[in-house]
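Chemist: Pasting a structure below so you can have a look.
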Amino acid sequence: MPPASRWSLRSALLYLALGLPLGGVLLAWRGARSMAVPLLPLHVEIVLVGWLTQLTFAVAYWILPRLARGTSRGKEHAAWFSLVALNAGILLTVAGDLGIGQGGVAVGGALQFASALAFVLHAWPRIKPFSSPRNDEPPGR
Amino acid sequence: MPRLVRWYLKSALLYLLAGFALQALLAAAPLGGLSPRLGALWPTYIHLIAVGWTTQLIFGVAFWMFPRFSRESPRGSHLLGWFTYITLNAGLLLRVAGEPWRAWHPGTLADSMLFVSAVLQVLAGWGFVLNVWKRVRGPSRPRAVKGA
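So the sequences go chain by chain: A and B.
Residue 90 in this note's numbering sits at position 90 of the first sequence, with consecutive numbering throughout.
Residue 74 in this note's numbering sits at position 74 of the second sequence, with consecutive numbering throughout.
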């Protein structure tokens with residue numbers, strides 16, 4: 001598993017571990033939605049983007065067919081940019097939701113869009129038929 | 001494919017069916033003159049898909065395909081894997097029952113069901129993180145079990 005996927009997967013696991021208790025509070029305590037801290041947008045951001053989207057990016061970077069006869073994962077800098085921008089975007093959005101930093105949600109949203117764009121640029125050429133036996137390896141490296 | 005993974009994946013498929021069936025019901029409610037109180041099931045639908053289908057599928061596939069933990073125990077702890085499966089599904093089913101119940105008949109019983117549901121789902125998530133954390137690693141050789 002390449003370093004970018006490892007960083008991304010571990011971040012996703014941390015967001016899962018953090019996002020579920022937020023959802024648990026919302027589910028178990030009826031007053032949670034009217035708290036001063038907006039738990040629902042935090043829960044949605046952390047679980048939907050931090051956990052599900054980030055995990056998808058990480059696994060795609062790991063297992064999509066490789067380029068150059070199976071030796072390259074393509075635009076690695078785009079994958080790294082996507083990872084950094086996504087996490088910066090999540091943290092800024094969360095900070096904005098918590099009222100820390102003016103415009104955090106807007107900047108966070110822009111960074112998440114940039115992350116998605118970089119991910120698409122990276123992944124697009126890797127969505128292709130297997131062209132050689134080396135490309136047909138199961139994941140694990 | 002290990003038995004635990006089959007349980008995860010087949011359960012995920014059933015939640016997919018249940019989620020989209022509920023979505024169809026919710027969409028048809030205004031047309032068919034069904035009770036507008038069915039709207040209380042909207043969060044249940046979201047969580048059938050996000051937890052029962054997507055997250056459960058991820059748990060199953062990760063347990064199956066992530067790099068080996070060790071030669072002797074390639075998928076980490078099966079016991080923790082089963083604990084995760086049982087708590088995730090028990091928690092989600094309690095939510096499916098308790099959430100509409102609380103909307104229509106608020107009371108201590110429904111509140112208790114949802115509290116237990118929340119605790120179970122959090123435990124499931126933490127159990128999964130604990131079990132796969134060390135399997136998120138590079139192409140080095142699988143680590144040996146201590147004492148082996």
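Just so you know, even glycine gets a beta-carbon here, dropped at the ideal spot from N, CA and C.
If we cut at 9 Å on Cβ distances, does A:Trp124 have a partner in chain B?
Modeler: Chain B contact via Cβ: absent.
Chemist: How many angstroms separate the CA atom of B:Leu13 from the CA atom of B:Trp53?
Modeler: Taking the straight line from one Cα to the other gives about 7 Å.
Chemist: Is any beta-carbon of chain A found at less than 9 Å from that of B:Phe69?
Modeler: False, the Cβ-Cβ gap to chain A never drops below 9 Å.
Chemist: Using only the alpha-carbon positions, how far apart do B:Ala90 and A:Gly74 sit?
Modeler: C-alpha separation (whole angstroms): 42 Å.
Chemist: Tell me, which residues are paired with A:Leu67 by DSSP?
Modeler: Its beta-bridge partners are A:Ser72.
Chemist: Would you check if the segment 23-42 of chain B and the segment 120-131 of chain B touch, i.e. whether three or more CB-CB distances between them fall below 8 Å?
Modeler: Judged by Cβ distances under 8 Å, the segment 120-131 of chain B makes no contact with the segment 23-42 of chain B, as fewer than three pairs qualify.
Chemist: Please return the same chain residues whose Cβ sits closer than 7 Å to the Cβ of A:Pro21, not counting the five positions on each side in sequence.
Modeler: Taken in chain order, the list of residues that qualify is empty.
Chemist: Nearest chain B C-beta to A:Leu20 closer than 9 Å, yes or no?
Modeler: At least one chain B Cβ lies under 9 Å of A:Leu20.
Chemist: Using three-state DSSP, classify B:Arg3 as helix, strand or coil.
Modeler: Correct three-state label for B:Arg3: helix.
Chemist: Taking B:Arg137 as the query, report the chain A residues whose CB atoms sit under 7 Å from its CB, ordered along the chain.
Modeler: By Cβ distance, chain A contributes Met1, Arg6.
Chemist: Could you give the DSSP three-state label for B:Phe66: helix, strand or coil?
Modeler: Three-state result, B:Phe66: coil.
Chemist: In chain order, what residues of the same chain have a beta carbon less than 7 Å from the beta carbon of B:Trp7, not counting five sequence neighbours either side?
Modeler: Around B:Trp7: Tyr85.
Chemist: For the segment 64-95 of chain A, which residues have a CB atom closer than 7 Å to at least one CB atom of chain B, in sequence order?
Modeler: The segment 64-95 of chain A vs chain B, Cβ under 7 Å: nothing.
Chemist: Of all the CB atoms in chain B, is at least one closer than 9 Å to the CB of A:Ala17?
Modeler: Closer than 9 Å to some Cβ of chain B, the Cβ of A:Ala17 qualifies, so yes.
Chemist: Using the three-state DSSP reduction, which class does A:Ile127 fall into: helix, strand or coil?
Modeler: In the structure shown, A:Ile127 sits in coil (DSSP, three-state: anything other than H, G, I, E or B).
Chemist: Find out if the Cβ-Cβ distance for the pair A:Gln112, A:Leu83 is shorter than 9 Å.
Modeler: Not closer than 9 Å, so no.
Chemist: Start and end of the alpha helix (DSSP H) containing A:Ser8?
Modeler: From DSSP, the alpha helix (DSSP H) with A:Ser8 extends over 3-28.
Chemist: Once the 5 residues before and after A:His43 are set aside, which same chain residues still bring their CB inside 8 Å of it?
Modeler: Cβ neighbours of A:His43 beyond the five flanking positions: Gly19, Leu22, Gly23, Leu26.
Chemist: How big is the Cα-Cα spacing for A:Arg6 and A:Val107?
Modeler: Going from the Cα of A:Arg6 to the Cα of A:Val107 covers about 26 Å.
Chemist: On a CA-only basis, which of B:Leu80, B:Tyr15, B:Pro2, B:Lys10 is nearest B:Leu93? Give me that one, please.
Modeler: It is B:Tyr15.
Chemist: Quick one: is B:Phe83 near chain C, going by C-beta distance under 9 Å?
Modeler: Within the model displayed, chain C is absent; protein chains A and B are what it includes.
Chemist: Is there contact between the segment 127-141 of chain B and the segment 66-86 of chain B, where contact requires at least three CB pairs shorter than 8 Å?
Modeler: Contact between the segment 127-141 of chain B and the segment 66-86 of chain B is present, because at least three Cβ pairs lie under 8 Å.
Chemist: Over the uninterrupted alpha helix (DSSP H) stretch that includes B:Glu72, give me the two end residues.
Modeler: It is not in any alpha helix (DSSP H) - B:Glu72 carries neither H nor E in the DSSP assignment.
Chemist: Please work out which residues of its chain come closer than 7 Å, Cβ to Cβ, to B:Gly19, disregarding the five sequence neighbours upstream and downstream, and give them in chain order.
Modeler: Correct list, in chain order: Tyr45, Leu48, Ile49, Gly52, Trp53.
Chemist: Would you decide whether A:Trp62 is buried or exposed? Buried here means 16 or more other CB atoms lie within 10 Å of its CB.
Modeler: So A:Trp62 ends up on the buried side.
Chemist: So what's B:Ala103 in DSSP terms, helix, strand or just coil?
Modeler: B:Ala103: helix per DSSP, three-state reduction.
Chemist: Go through its chain and collect everything with a Cβ distance to B:Trp101's Cβ below 6 Å, but skip five positions before and after it.
Modeler: Closer than 6 Å at the Cβ level, and outside the excluded window around B:Trp101, lie Ala110.
Chemist: So that I know if they touch, is there some Cβ in chain B lying closer than 9 Å to that of A:Ala118?
Modeler: No, no contact with chain B.
Chemist: Pull out every residue of the segment 102-115 of chain B whose Cβ sits closer than 7 Å to any Cβ of chain A, in chain order.
Modeler: Per Cβ criterion, the list reads Leu114, Phe115.
Chemist: Considering only C-alpha positions, which residue in the set B:Leu57, B:Leu88, B:Ala21, B:Gly98 is nearest to B:Val5?
Modeler: That would be B:Leu57, whose Cα lies nearest to the Cα of B:Val5.
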